[in-house]
Every structure is written in structure tokens, then in C-alpha cells.
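Per my numbering, the sequence shown starts with residue 177, numbered consecutively. Heads up, the thing below is written out as C-alpha cells.
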Amino acid sequence: MKSLRFLIIVLVWAGLCSIARGKTTLQSPWDSHPVISTGAPYTCPTAPQLPHNFAANSYYIDQRRSIPDPVLKKRYEDSVAGIEEFSRAVVEAADGYRTQGRSAAAQCVFSLLASAAHQKVLTGTMDGHQAAYVQGWNLGTWAVTYLKVRGSGFASEEEARAITSWLKKLAEENRGYYDEKRHARHPNDSDNNHLYWAGFAIAAAGIANDDCKLFDWGMDAYKDGVRDIQEDGTLPREMERAQMALHYHFYALAPLLFLAEFGETNGLQLYSERHYAIKRLIARCIYGFQNPGFFQQRTGVAQVTDPKIQAWEISWAEFYTRRFPDPEISKLMGQAERLSYTTLGGLPPP
């Protein structure tokens, strides 16, 4: 039934990207906010050597994937450290351009991404489901940073072609991972937060390549996510995560809201999908942060929480509250120490 539902979605959405955008190219939320370039200096790090193939699996040791094994987690963190350091460097450069107009920072983004493209980073064998997640998470980071600087005019034609082709390759491979899982008859990572994060990354790569198929796939992931939202604002698959249920509701919310913003930027009315179901998820997350008792009662265990709101939990509020003003959400956003989250490509859209 799940594969049939996916086929119906594809048929309904086929060509919708082209219809919505008319004859214009796909737009990102940053395209309508041009940056005035300055000659301020920027020190660009040396592009590192990064892996073509990658292997990783889960570090959770319980059936509900809520308790990490510290040894396995440390092994995973060590294996991905170089990739994450690179992603943070690209994000810092992209936001250096967006916030301060540093032309050298935009050039740095192109230089770093072009190096990774020529190395064909993460386009080889992804050995293990965690490796596929790493591929998708970093694709999202790299695609968004490219979108942030692509209007600067500082990329050579060769650099732009190499980067966008590489992003497309990553997106197609990551899409393939989830498409294969969608045909399974049992619940898996193609119907939880991992699908939403993949949708975010693949849609961003679709915008970078002006590729409707990739963009529409991301929009389909959003529609799947919205269908998963219950009347009480919960997500059943994330509610299964025991002490991490509240954490994973927030973690699922972030890519869905970025997908909604990508869609709205291109003429698709996604926030109103299923009578604004996304607002129910937002309300449940915000209330859960303030009072996690609901999640504790439903899961039977105390929730893992942080007294301070984190960037990954609230950065979406920067653009969401411009569309839907909400003093309570704005207050929480104001309490965050920062709004930049690497996996979302750094600072949220202006």
C-alpha cells in the first residue's frame, strides 16, 4: 500500500513544479535578498581531502533507538569529524558573505565546494544506513550554502557546473536510498524524520540545479510528513523514540518547515496543507519544550531535554513568524544563543 500511495503522489505531482513556477527558474528564499558585496578580507581554510566512500551504522543500542552506546557514538563522531569540520567551514563562509557582504567569503564557498566536487565526495559507496544519513545531511548543508552565494557572481562557469553536477549526483543517490525503502512493507526510515531531512536536502539540490524532479521529490517528502501529523500534533514514528520523543519531534519539524518555505518561494501553498497541519506540530513542540509532561505521559519515560532552546529547534522561527506572527515563538527564538545550525546550512533565510 505504501508503494501504491507513493505512485499516486508522483502522478498527482508530476509537472506541478513546472506549472507553479511558470517559465522562471526555481528560486531559493535567498534569491530575493541580494547582498551588497564589500572588499572586506576573509581567510579561507585549505580544502581538505574528504572521503568518496563512507561507512557508518547506528550507535543506538535499544530497540526504540533512544539510548546511545558511548563507544559506538564516539567511533561514529570520529569517523565523520572531518566532513563536519568542512561543512562548518563552508557555512561560516556563506554566512560571512550573507551578513557582511564579504566577496572573499563567497569565493571561499565556491572554492571549497568545487574542491569537494572534484573529489566526488560522498558519491561512492554508502555502507550502512547511517552513511546514507551523513550523505543527505551534508548534501543539505552544501546545497544551501551554494544557494546563499550563487547570486554573487564570483563563481566561474566551470566551478558552478562542477558544484551543481556534484550536488545533483549526491541528491540522486540519496533519493535512491529512500525510494528503495519505500517499497518495503514494514515501517522504516523512509517514513520518519529521515525522509523529511532527505526531502530538504534533495529539494535544495533541485533548486540549485533548476531540476523539477528533485524539487518535486522534496515536496512529496513534505506532503508525506504533513500526512503523518496527528490531530494532537504528534508524529507516530517519532513518538516511538521513548526518552527522545520530544527531541525527535523538534528534529522532524525543522526540515518540514524549510521545505514549506522552499515550496512557498516557488508558488506552492504548503503551509495550508491539510488545514495547516504543520501548525499543530509546531504547537505540540513548543508546548512540549515548555512542559514535556505530555511526552513523558505518552511514552512512559522522562524526556531528554535541554533547558535552553537550541538553534536546530528554533531557527525556522526566523522566517515562520514573518508569515505567522506568534509572540510565544518569537520569545523562544530570542532566548536561543544562536540561530545557525550547520545541517540546515547555517543562518535561516532572511
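For each residue, glycine too, the CB sits at the ideal point set by N, CA and C.
Q | Sequence-distant residues of the same chain with beta carbon closer than 7 Å to Met420, five excluded per side | A | Taking the first residue of the sequence shown as position 1, residue 420 is located at position 244. Closer than 7 Å at Cβ, skipping near neighbours: Ser242 and Val480.
Q. Based on the DSSP output, what are the partners of Gly522 in its beta bridges?
A. Reading the sequence shown from its first residue, position 346 is the one you call residue 522. Gly522 pairs with Tyr517.
Q) Which residues in the same chain have their Cβ closer than 7 Å to the Cβ of Lys249, if we skip the five residues on either side of it in sequence? A) In the sequence shown, the residue the question calls residue 249 occupies position 73. Same-chain partners within the cutoff: Tyr235.
Q. What's the call for Val256, buried or exposed, on a 16-neighbour Cβ count within 10 Å?
A. As a working mapping, residue 256 is identified with position 80 in the sequence shown. With 16 or more other Cβ atoms within 10 Å, it is buried.
Q: Answer with buried or exposed for Pro501, where buried requires no fewer than 16 other C-beta atoms within 10 angstroms of its C-beta.
A: One-based indexing of the sequence shown puts residue 501 at position 325. Pro501 comes out exposed.
Q) To the nearest angstrom, how far is it from the Cα of Pro363 to the Cα of Glu416? A) Position 187 of the sequence shown holds residue 363. Position 240 of the sequence shown holds residue 416. Approximately 12 Å, taken between the alpha carbons.
Q: Under 8 Å by Cβ, that's how I've got Ala117 and Met302 pegged, so tell me the actual separation to the nearest angstrom.
A: An answer regarding residue 117 cannot be provided, because it is not within the stretch 177 to 526 covered by the chain.
Q. For Pro503, is the classification buried or exposed, using 16 other Cβ atoms within 10 angstroms of its Cβ as the cut-off for buried?
A. Counting from one through the sequence shown, the residue named residue 503 turns up at place 327. It is exposed - the Cβ of Pro503 has fewer than 16 other Cβ atoms within 10 Å.
Q) Apart from the five residues on each side of it in sequence, which residues of its chain come closer than 7 Å, Cβ to Cβ, to Pro524? A) Along the sequence shown, read from residue 1 onward, the residue named residue 524 stands at position 348. Only Ser491, Trp492, Glu494, Phe495 and Leu515 meet the Cβ criterion.
Q. In chain order, what residues of the same chain have a beta carbon less than 6 Å from the beta carbon of Leu437, not counting five sequence neighbours either side?
A. Within the sequence shown, numbered from 1, the residue matching residue 437 stands at position 261. According to the sequence shown, residue 437 is Glu rather than Leu. If we look at Glu437 and ignore the five residues flanking it on each side, its Cβ neighbours are Pro205 and Phe495.
(Q) I'd like the ranges of any alpha helix (DSSP H) spanning at least 4 consecutive residues and lying wholly in the segment 219–264. (A) none
(Q) DSSP has Thr214 in a bridge; who is on the other side? (A) Within the sequence shown, residue 214 is the residue found at index 38, counting from 1. Thr214 is bridged to Arg278.
Q) Does the distance from the C-beta atom of Asn369 to that of Lys344 stay below 8 Å? A) As a working mapping, residue 369 is identified with position 193 in the sequence shown. As a working mapping, residue 344 is identified with position 168 in the sequence shown. Contact: no.
Q | Opening and closing residue of the alpha helix (DSSP H) in which Gly464 lies | A | Walking along the sequence shown from the start, residue 464 turns up at place 288. Gly464 -> alpha helix (DSSP H) spans Glu449 to Gln466.
Q) So what does Met302 bridge to, in DSSP terms? A) As a working note, residue 302 is residue 126 in the sequence shown. Met302 is bridged to Phe230.
Q. Taking 8 Å as the CB-CB cut-off, is Arg460 touching chain C?
A. Among the protein chains of the structure shown there is no chain C, as only one such chain exists.
**Q.** Other residues of its chain near Gly327: CB distance less than 7 Å, five sequence neighbours each side excluded
**A.** Position 151 of the sequence shown holds residue 327. These residues qualify, in order along the chain: Asp207 and Pro210.
Q.
Whole angstroms are fine: how far does the CA of Leu446 sit from the CA of Asn229?
A. As a position in the sequence shown, residue 229 is number 53, starting the count at 1. As a position in the sequence shown, residue 446 is number 270, starting the count at 1. Rounded to whole angstroms, Asn229 to Leu446 spans 36 Å at the Cα level.
Q.
By the DSSP assignment, the alpha helix (DSSP H) with Leu343 in it spans what residues?
A. Along the sequence shown, one-based indexing puts residue 343 at 167. Per DSSP, Leu343 belongs to the alpha helix (DSSP H) from Glu333 to Arg358.
Q: Use the C-beta contact count for Gly352: other C-beta atoms within 10 angstroms, 16 or more gives buried, fewer gives exposed.
A: For the purposes of this step, residue 352 is taken as residue 176 along the sequence shown, with counting starting at 1. It is exposed - the Cβ of Gly352 has fewer than 16 other Cβ atoms within 10 Å.
Q.
Taking the alpha carbon of Asn314 as the reference point, which residue from Leu346, Leu457, Gln406 and Arg474 has its own alpha carbon closest?
A. Here residue 314 refers to the residue found at position 138 when the sequence shown is read from its first residue. The residue with the shortest Cα to Cα distance from Asn314 is Leu346.
(Q) Can you tell me whether Glu268 is helix, strand or coil according to DSSP? (A) Mapped onto the sequence shown, residue 268 falls at position 92. Here Glu268 sits in helix by DSSP.
Q | For Gln225 and Ala290, the rounded distance between their alpha carbons | A | Walking along the sequence shown from the start, residue 290 turns up at place 114. Walking along the sequence shown from the start, residue 225 turns up at place 49. One C-alpha to the other measures close to 12 Å.
Q.
Please report the straight-line C-alpha distance between Pro227 and Leu288, rounded to a whole angstrom.
A. Taking the sequence shown and counting its residues from 1, one reaches residue 227 at position 51. Taking the sequence shown and counting its residues from 1, one reaches residue 288 at position 112. Using only the alpha carbons, I get a separation of about 14 Å.
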